[in-house]
Amino acid sequence: MISIVLDVVGGALLLIGLVLLTISLVGVLRLPDTYSQLHAQGLAAGPGVVAILASSIATEDATIITFALLAIAFVALTSPVAGHAIARAAHRRGNRDARGTGSRSAGEGE
Amino acid sequence: MPAMLLRVVVLTSIYLLALTSLHPGDVLVGLVLSTLVLVVSRRVRPRQPPPSTLPLGRRLAGVPALLGGTLVDLAVGTWRTAACLVGRGPASAGLVEVPIPRGGEVSAAAWGVRVGFVPDTVVVELDEERGRMLLHVLDASDPEAVVAAQLHSYERRQRRVFP
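The listed protein sequences correspond, in order, to chains A and B.
Counting from 1, position 104 in the first sequence corresponds to residue 361 in the working numbering; the numbering is continuous, with no gaps.
Counting from 1, position 141 in the second sequence corresponds to residue 337 in the working numbering; the numbering is continuous, with no gaps.
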């Protein structure tokens with residue numbers, strides 16, 4: 258019984274992860290500016306990957322689940338830093354978003 | 197000292213989990229490596245005086261609220277972002293400056309990671325010395341509401357662990 262529940266939950270998490278990755282890809286291709294694309298990228302690099310890794314509970318293998326949990330922890334720590342680095346670089350280059358906000362002279366605030 | 201020991205234990209645990217081994221030799225190597233990493237990192241970057249005198253036990257008691265709250269923020273932010281990307285796109289996205297309490301580097305870094313992990317907010321600049329964080333949000337039509345939500349989230353989720 259538990260095995261069936263884990264299979265269903267794992268399958269659902271895998272489906273959610275794949276849907277999020279697909280939406281993220283569409284967003285990166287559709288959106289016009291760096292900042293907005295970072296939101297779409299964050300959807301894949303954060304919850305998308307986490308959902309796919311979490312679907313490993315369906316394997317019922319302690320080793321695989323442990324590795325997946327470790328990977329989730331590392332993703333949770335590194336994904337925001339990567340997004341921040343790109344956004345900061347865009348801001349310092351004076352990139353504007355679609356509404357025209359976000360420009361700044363180089364070196365300001367340092 | 198207890199915080200240092202806790203860090204050594206956590207790093208060693210991660211090392212052993214990655215090895216999937218509890219062999220005494222691996223435990224010893226893990227302890228030595230963790231201690232070395234911590235000692236070297238403290239020498240490379242001198243430690244600032246702790247901003248808070250909260251006892252470690254009280255801070256650890258706030259971890260479930262921090263993790264649970266971040267998961268709730270993640271779910272809500274994921275839903276908003278996905279709905280926005282599938283729909284008409286971000287019509288009112290923009291930059292919002294959020295004042296943050298001057299709690300030191302660790303507090304600011306924790307704030308940045310917590311907020312940056314949620315897809316509907318991107319941390320653009322984080323300046324703990326001036327006490328400000330520049331965010332790009334999908335809905336910047338009401339900047340004051342964004343600031344209030346961020347400060348409320350800090351009070352409820354983070355303040356007990358990383359004040």
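The C-beta atom is built at its ideal place from N, Cα and C for all residues, glycine as well.
Neighbour list for A/Thr316 in chain B, Cβ cutoff strictly below 7 Å: The sequence position of residue 316 of chain A within the first sequence is 59, counting from 1. Under the 7 Å cutoff, chain B gives no residues; its nearest Cβ is about 15 Å from A/Thr316.
Since B/Thr277 and A/Leu300 are thought to touch, with beta carbons under 8 Å apart, how far apart are those beta carbons, to the nearest angstrom? Within the second sequence, the letter at position 81 stands for residue 277 of chain B. Within the first sequence, the letter at position 43 stands for residue 300 of chain A. Right, their Cβ atoms sit about 5 Å apart.
Taking DSSP as the reference, what is the three-state secondary structure of A/Arg353? Position 96 of the first sequence holds residue 353 of chain A. Three-state DSSP puts A/Arg353 in coil, outside helix and strand.
Do B/Val319 and A/Pro337 have their C-beta atoms closer together than 8 Å? Here residue 319 of chain B is taken as the residue at index 123 of the second sequence, counted from 1. Here residue 337 of chain A is taken as the residue at index 80 of the first sequence, counted from 1. The answer is yes: Cβ separation under 8 Å.
Taking any Cβ of chain B, which residues in the stretch 282 to 295 of chain A have a Cβ under 8 Å from it, in chain order? Val283, Gly284, Arg287, Leu288, Tyr292, Ser293 and Leu295
Is DSSP giving A/Leu288 helix, strand or coil here? Your numbering for residue 288 of chain A matches position 31 in the first sequence. The answer is coil: DSSP assigns A/Leu288 none of H, G, I, E or B.
Identity of the residues DSSP links to B/Leu207 by a beta bridge: If you number the second sequence from 1, residue 207 of chain B lands on position 11. The partner list for B/Leu207 (beta bridge, DSSP) is empty, contrary to what the question assumes.
Closer than 8 Å is the cut-off here; do at least three beta carbon pairs connect the stretch 342 to 359 of chain B with the stretch 249 to 268 of chain B? yes
Below 7 Å between beta carbons is the criterion; list the residues of the stretch 296 to 316 of chain B that meet it against any residue of chain A, in chain order. Gly308, Val309, Gly312, Phe313, Pro315 and Asp316
Note down, in chain order, every chain B residue with its Cβ under 8 Å from the Cβ of A/Gly303. As a first step, residue 303 of chain A is located in the first sequence; it is residue number 46 there, counting from the start. Those within 8 Å of A/Gly303 in chain B are Leu270, Thr274, Phe313, Val314 and Pro315.
Please compile the residues from chain B whose C-beta is within a distance smaller than 8 Å of the C-beta of A/Gly340. As a first step, residue 340 of chain A must be located in the first sequence, where it is residue number 83. Residues of chain B passing the Cβ test: Gly312, Val318 and Val319.
Classify B/Val294 as helix, strand or coil using the three-state DSSP reduction. Position 98 of the second sequence, counting from 1, holds the residue named residue 294 of chain B. Looking at B/Val294 - three-state DSSP - the assignment turns out to be strand.
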